[in-house]
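Input: a single structure, listed below in structure tokens.
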Amino acid sequence: MLNGELPKMYDLDQPIRNFVSKRLIEIESYRTVQEAAKKMVEFNISSLAVVEEGSIIGFITDGDIKRKVVAEGLDPGISVEEIMIEELITEDIDITVQEALDTMTKKNIKHLLVTEGTDVVGIVTLTDLLDIKRHSLDTYISRE
Amino acid sequence: MKICQISDTHFGSESDFNRKLLYSLLDRINNSGFSLLIHSGDVTQSGRKDEYIEARRFFKKIKIPHIVIPGNHDARNGGLKLFEDHIGPVNGYKEIDDGIIIYVNSAIADSDEGRVGMVKFDLIKDILQKYTDAGLKVVLIHHHIIPIPMAGRERNVLSNAGDILDLLIKGDVDLVLSGHRHYPNVHKVENTLFVNAGTTSSVKTRYGDVNSYNVIEIGDREQSFTTVRVDGRKSERKYSRKRNRVFYDFGSKIFRVAHLSNTFISNDRSFLRKHFKNAIMTINRLEPDLIVHCGGIVREGITQDYELAVRLFSTVDGPILFTPAGRDLNYLGYHLFPKYMDSFDQKYKTEDVVFQGVSSSQYDSPVGIVGDTQRKALFKKLHESSEGIKAIFLHHNLIPIPHSREKGLLEDSGDLLREVVDAEIDLVLTGTSSHPYAAKVGKTVIVNANSTSSVYQRSVMGNSFNLIDIYEDALAVYEVNSLWGSRRLLGIWNRNG
């Protein structure tokens with residue numbers, strides 16, 4: 001601030017690796033939307049990976065449930081498969097925070113599945129990225 | 145890749161240093177197919193020039209690539225300058241195959257304490273950032289980060305060990321190599337192996353042990369760690385390099401625990417009564433099977449604080465267990481705790497679970513200790529319990545906690561941690577340092593709670609307590625804000641992996 005520059009909120013060039021939730025909660029494709037919603041409430045999360053025989057085949061967010069089921073007056077007993085997003089948007093765990101934010105903006109999404117090699121290893125949300133500053137990695141111990 | 149780790153050689157006079165022994169290892173070091181030799185510090189006994197000159201002669205005889213870092217002994221008598229002149233840089237990194245090895249000096253001149261200050265912390269962070277996609281990430285640091293067993297009183301841990309631990313775990317470091325305590329040990333914390341070497345040639349071995357060095361073999365799927373003692377004995381541990389990150393099925397929920405700490409109940413303004421009352425309302429709404437309070441119940445061990453605590457906790461639905469902090473025992477607390485809160489080592493047992501408390505606090509002291517006798521009694525009680533989930537709770541920390549200067553560690557944390565991990569205890573709850581944190585060591589999930597209702601707390605999210613859900617196949621830990629009841633996931637772990 002003293003030299004007239006805006007304060008740096010955080011380093012956008014750091015990899016998302018440090019902030020990716022390396023836990024991904026999944027639901028089988030034949031389960032109902034209500035079961036998916038219950039799982040989101042149970043774990044206090046906003047998305048689930050949809051699996052079939054162990055492989056991820058889709059993705060479902062709380063927004064999908066709101067838009068595609070509740071707002072349309074559909075029965076929450078329909079299967080997750082019917083409303084899931086089949087086109088998985090993934091990014092590598094080594095991309096930077098800036099690149100992740102760019103993808104979210106371009107695709108108008110708040111969740112990114114994260115891959116390492118060929119495996120999906122976690123998820124990063126817009127909230128995770130915005131929370132980075134609050135979860136700084138270090139304490140002011142000493143300069144040296 | 146096969147790495148040889150030697151440590152704490154203590155080049156110096158015959159009374160400190162077994163010269164003959166160290167030179168006898170040269171042939172093995174040069175001709176055993178090692179791709180790298182690591183020396184994890186305390187090259188010299190006193191940081192003197194003659195010691196460094198002899199050490200340099202020794203390293204010239206090593207025919208394989210090697211990295212040497214300084215320890216606290218090397219920083220004595222202005223020794224760090226001599227280290228740079230005779231041995232090499234004290235901080236840096238080296239690329240090796242598709243991996244990266246980062247080495248930092250943790251020694252403080254003329255002190256046995258360790259520290260990785262902000263500049264070096266940023267160095268590690270920046271290099272991990274630059275090499276984020278490296279196939280193998282190794283960090284080399286003299287002072288241990290995870291407490292070591294059989295090392296007597298826990299001391300000289302890095303002052304910011306919790307921050308370093310968190311940085312290394314989040315950066316997916318594969319291997320952390322340390323020395324310092326002259327006792328070989330290894331712990332897997334999350335996906336990172338923390339390896340400690342014994343002393344290779346100091347006469348000061350521990351508990352009648354002999355000198356040793358470590359051999360670490362890193363494959364694509366497995367890492368093995370072998371301590372080779374100079375009398376020929378070998379001990380080996382193997383760890384998978386597979387990273388368990390994705391969960392499919394949790395099974396049904398077995399048990400729910402609310403975990404709180406440092407409520408600091410009193411009529412003083414530092415006790416946030418609104419936060420406490422809201423936290424209890426949220427806990428009652430969440431309907432846990434058990435509530436565990438890990439100490440710091442009252443602000444001081446005086447009658448009026450305890451009487452207020454009893455009144456406020458009477459609004460809790462369901463069973464609640466307490467273990468004392470030092471402040472709960474102060475003044476008359478030693479008499480008041482058993483009078484108002486029941487016994488010192490409280491226990492909850494059903495067919496599915498056993499929660500066993502162990503009092504680690506001392507009268508009028510923030511320092512914690514369990515002690516050999518109490519530790520043996522604790523594991524005897526646990527082993528006698530039925531099969532099912534086994535949990536221990538105590539006030540002091542078993543592992544370093546981020547965002548705090550490391551002083552909440554139990555004096556004998558190394559011994560207790562080793563036994564907890566070897567016994568595959570499912571869960572350990574602690575309550576010092578007032579910062580929420582959870583990590584898996586071996587198969588044990590260790591959870592620390594923030595202050596639930598005191599102004600003295602360290603979570604950017606505000607005062608909080610933890611909620612722990614134990615499923616057949618997983619264990620989930622959340623931090624729940626005391627005032628608002630909002631929650632965030634601290635972690636989920638597979639119970640069987």
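From first to last, the protein sequence lines stand for chains A and B.
Letter by letter, the first sequence follows residues 1 to 144 of our numbering.
Letter by letter, the second sequence follows residues 145 to 641 of our numbering.
Where is the CB? At the ideal position from N, CA and C, for every residue including glycine.
{"Item": "Under 8 Å, do Asp152/B and His326/B count as touching if we go by C-beta distance?", "Value": "yes"}
{"Item": "For Arg632/B, does the three-state DSSP call read helix, strand or coil?", "Value": "strand"}
{"Item": "When the Cα atoms are used, what is the spatial distance from Gln490/B to Leu538/B?", "Value": "10 Å"}
{"Item": "Residues of the region 294-309 of chain B in Cβ contact with chain A at a cutoff of 7 Å, in chain order, please.", "Value": "Ser303, Asn304, Asp307"}
{"Item": "Which of the three DSSP states, helix, strand or coil, is assigned to Asn592/B?", "Value": "strand"}
{"Item": "Considering only the alpha carbon of each residue, which of Ala567/B, Leu337/B, Tyr450/B lies closest to Leu476/B?", "Value": "Tyr450/B"}
{"Item": "Got a sec? Which residues, its chain only, sit under 8 Å from Ile533/B by beta carbon, not counting five neighbours each side?", "Value": "Ile398, Phe399, Asp496, Val497, Val498, Asp570, Leu571, Ile614"}
{"Item": "If you draw a straight line from the alpha carbon of Asp556/B to that of Ile89/A, how long is it in whole angstroms?", "Value": "48 Å"}
{"Item": "List, in chain order, every chain B residue whose beta-carbon is nearer than 9 Å to that of Asn44/A.", "Value": "Tyr622, Ser630, Arg631, Arg632, Leu633"}
{"Item": "Measure the Cβ-Cβ separation of Ala593/B and Asn610/B and say whether it is below 8 Å.", "Value": "yes"}
{"Item": "In angstroms with no decimal places, state the Cα-to-Cα distance between Val167/A and Arg17/A.", "Value": "Only positions 1 to 144 of chain A appear in the structure, and residue 167/A is not among them; the question remains open."}
{"Item": "Does the distance from the CB of Ile60/A to the CB of Ile83/A come in under 8 Å?", "Value": "yes"}
{"Item": "In or out: Arg67/A buried (at least 16 other Cβ within 10 Å) or exposed?", "Value": "exposed"}
{"Item": "Measuring only the C-alpha atoms, how far is Val320/B from Thr336/B?", "Value": "7 Å"}
{"Item": "For Val585/B, I'd like the list of residues in its chain whose CB is within less than 6 Å of its CB, leaving aside the five on either flank, ordered along the chain.", "Value": "His331, Val333, Val565"}
{"Item": "Expressed to the nearest angstrom, what Euclidean distance is found between the alpha-carbon atoms of Lys107/A and Ile123/A?", "Value": "16 Å"}
{"Item": "Can you look up Tyr622/B in the DSSP assignment and give me helix, strand or coil?", "Value": "strand"}
{"Item": "Measure the C-alpha to C-alpha separation of Ile308/B and Arg259/B and round it to an integer number of angstroms.", "Value": "10 Å"}
{"Item": "Closest to Asn638/B by CA distance: which of Ser322/B, Cys148/B, Phe394/B is it?", "Value": "Phe394/B"}
{"Item": "Would the region 264-273 of chain B count as touching the region 522-532 of chain B if we require 3 or more Cβ pairs under 8 Å?", "Value": "no"}
{"Item": "CB-CB under 7 Å to Ile545/B, same chain, minus the five flanking residues each way: which ones, in chain order?", "Value": "Gly306, Gly552, Ser577, His579, Tyr581, Asn592"}
{"Item": "Between which two residues does the beta strand (DSSP E) carrying Glu146/A extend?", "Value": "This structure does not reach residue 146/A, given that chain A is present from 1 up to 144, and the question cannot be answered."}
{"Item": "Cα separation between Lys134/B and Gln518/B?", "Value": "In the structure as shown, chain B starts at 145 and stops at 641, and residue 134/B therefore has no counterpart that could be examined."}
{"Item": "Alpha carbon to alpha carbon, how far is His403/B from Thr459/B?", "Value": "16 Å"}
{"Item": "Helix, strand or coil, according to DSSP, for Thr344/B in the structure here?", "Value": "coil"}
{"Item": "Can you tell me where the alpha helix (DSSP H) holding Asn162/B begins and where it ends?", "Value": "Where Asn162/B is concerned, there is no enclosing alpha helix (DSSP H), given that its DSSP letter is neither H nor E."}
{"Item": "Give me the DSSP bridge partner(s) of Lys491/B.", "Value": "Gln500/B"}
{"Item": "Taking C-beta pairs closer than 7 Å, name the residues in chain B that Gln14/A reaches, listed in chain order.", "Value": "Gln273"}
{"Item": "Would DSSP call Gln367/B helix, strand or coil?", "Value": "strand"}
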